[in-house]
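S.K.: In this note's numbering, the protein residues as written are 137 to 369. Beta carbons: idealized from backbone N, C-alpha and C, even for Gly. Being a predicted model, the structure only gives us computed values, none of them experimental.
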Amino acid sequence: MSADNKTTQPPPPLTLYYLGKPVRLLLHQQHGYLAAADIRTVIGPRLGKHIQQQLHPHSHWLPRRGHEQKLQCWPLPALQHTLSRSRQPAAQRLLRWLNRQVLPALAQGKLATPRLEQALALSVEAGQHISHAILRAVLEQAQGWQHSHWLLTLHCTPHHRSRHAHGRLLALDCQVQPLQALARQIARPNGLSANNVDLLRLAAACHQQLARRMEKRAWQAQAAEQGMSAPSD
């Protein structure tokens, strides 16, 4: 009987991070559920109360490994539908996070739980780095900001005590010479985390694109002389 209990125990919840706050994701019968208490925390008490009322008929109480008390959870499709009907900015931000990071990973239904957790952790880590970098860039440069380029390196350490994924974001000098800045990062010994095969593929892709551009410009010059229109890329 104890052996059967071990085999039927639910998998532990996956811990995601939204705006720096934990959100537990439970997988039950090939479906994803988010902890209701965590969602109420990240969207605030007023909106959380409204969402609670809307999702009351869809609430599920799921068992947790090592806990006698079950956890109130909301199915992802129902939560997604409820958020889409709200005009509150907090609801729209949470909906974008679900649509762009959580749901695409869950769509890969054949992924094992450790692989799914790794994919979700890396996507959340990348999103946090990019959002913080854009926030700083826009605030520092005010109206003069147009665009910036960053180089993001992600690593996954499954046995890390604090989190599974960690990354490093490096700003490139895109205001004057973005391509030269990228070339300098590649040339540095530890500037770009890539092996020789990746660098060869990058070089081949650059060579092919350069050949296409040169061919197009030659065609444009010839077409200008003949009064023809050049094809688009």
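For chain D, is any of its Cβ atoms less than 7 Å away from the one on His-268?
M.R.: Included in the structure is just one protein chain, with no chain D present.
S.K.: Three Cβ pairs or more, each shorter than 8 Å: is that satisfied between the region 179-190 and the region 209-229?
M.R.: yes
S.K.: Is it right to say Asp-334 is buried, meaning 16 or more other beta carbons lie within 10 angstroms of its own, or is it exposed?
M.R.: The count along the sequence shown starts at 1 and reaches residue 334 at position 198. When all chains shown are included, Asp-334 counts as exposed.
S.K.: Along the alpha helix (DSSP H) that carries Val-333, what are the first and last residues, could you check?
M.R.: Taking the sequence shown and counting its residues from 1, the one referred to as residue 333 is at position 197. Taken as a continuous stretch (DSSP letters only), the alpha helix (DSSP H) holding Val-333 covers 332-362.
S.K.: On a CA-only basis, which of Ala-354, Glu-351, Ala-360 and Val-159 is nearest Trp-210? Give me that one, please.
M.R.: Along the sequence shown, read from residue 1 onward, the residue named residue 210 stands at position 74. Comparing Cα-Cα distances from Trp-210 to each of Ala-354, Glu-351, Ala-360 and Val-159, the minimum goes to Val-159.
S.K.: By alpha-carbon positions, which one of Val-238, Thr-218, Gly-184 and Asp-174 ends up nearest to His-194?
M.R.: Within the sequence shown, numbered from 1, the residue matching residue 194 stands at position 58. Among Val-238, Thr-218, Gly-184 and Asp-174, the Cα nearest to that of His-194 belongs to Thr-218.
S.K.: Is the beta carbon of Gly-168 closer than 7 Å to that of Leu-198?
M.R.: What you label residue 198 is simply residue 62 of the sequence shown in a count that begins at 1. What you label residue 168 is simply residue 32 of the sequence shown in a count that begins at 1. In this structure, the beta-carbon distance from Leu-198 to Gly-168 does not fall below 7 Å.
S.K.: Please report the residue range of the alpha helix (DSSP H) in which Gly-184 lies.
M.R.: Taking the first residue of the sequence shown as position 1, residue 184 is located at position 48. Looking at the DSSP string, the run of the alpha helix (DSSP H) that includes Gly-184 is 181-191.
S.K.: Which whole-angstrom value describes the C-beta separation of Val-260 and Gln-237, a residue pair presumed to lie in contact below a C-beta threshold of 8 Å?
M.R.: Locating residue 260 in the sequence shown gives position 124, counting from the first residue. Locating residue 237 in the sequence shown gives position 101, counting from the first residue. By a beta-carbon distance limit of 8 Å, Val-260 contacts Gln-237. Their separation comes to about 6 Å.
S.K.: Decide if Ala-257 is buried, meaning its Cβ has at least 16 other Cβ atoms within 10 Å, or exposed.
M.R.: Residue numbering aside, residue 257 sits at position 121 when the sequence shown is read from its first letter. So Ala-257 counts as buried.
S.K.: Whole-angstrom Cβ separation of Leu-290 and Ala-262, contact assumed at under 8 Å?
M.R.: Counting from 1 along the sequence shown, the entry for residue 290 is found at position 154. Counting from 1 along the sequence shown, the entry for residue 262 is found at position 126. Their Cβ separation, rounded to whole angstroms, is 6 Å, which keeps Leu-290 and Ala-262 in contact under 8 Å.
S.K.: For Leu-170 versus Leu-161, is the C-beta spacing smaller than 7 Å?
M.R.: Taking the sequence shown and counting its residues from 1, one reaches residue 170 at position 34. Taking the sequence shown and counting its residues from 1, one reaches residue 161 at position 25. Yes, Cβ-Cβ distance for Leu-170 and Leu-161 is below 7 Å.
S.K.: Just to confirm the assignment, what range does the beta strand (DSSP E) spanning Gln-166 have?
M.R.: Within the sequence shown, numbered from 1, the residue matching residue 166 stands at position 30. That residue, Gln-166, is in no beta strand (DSSP E); it is neither H nor E in DSSP.
S.K.: Look up Gly-263 in the DSSP assignment and say whether it is helix, strand or coil.
M.R.: Position 127 of the sequence shown holds residue 263. Here Gly-263 sits in helix by DSSP.
S.K.: DSSP on Leu-318, reduced to helix/strand/coil?
M.R.: Locating residue 318 in the sequence shown gives position 182, where the first residue counts as 1. Leu-318 falls in the helix class under three-state DSSP.
S.K.: Starting from Leu-285 and walking both ways along the alpha helix (DSSP H), at which residues does that stretch end?
M.R.: Here residue 285 is taken as the residue at index 149 of the sequence shown, counted from 1. Before going on, a small fix: residue 285 reads as His here, not Leu. In the DSSP assignment, His-285 falls outside any alpha helix (DSSP H) and within the unbroken beta strand (DSSP E) covering 285-292.
S.K.: So is Ile-240 buried or exposed if we call it buried at 16+ other beta carbons inside 10 Å?
M.R.: Here the question's residue 240 lines up with position 104 in the sequence shown. The question names Ile, but residue 240 is Pro in the sequence shown. With fewer than 16 other Cβ atoms within 10 Å, it is exposed.
S.K.: If you reduce the DSSP assignment to three classes, tell me which class Arg-236 lands in.
M.R.: Translated into the one-based positions of the sequence shown, residue 236 becomes position 100. Helix.
S.K.: Which one of Arg-320, Ala-360 and Gln-254 has the shortest CA to CA distance from Thr-151?
M.R.: If you number the sequence shown from 1, residue 151 lands on position 15. If we check each option's Cα against that of Thr-151, Gln-254 comes out closest.
S.K.: What residues are listed by DSSP as bridge partners for Gly-156?
M.R.: In the sequence shown, counting from the first residue as 1, residue 156 sits at position 20. According to DSSP, which records beta bridges pairwise, Gly-156 is partnered with nothing at all.
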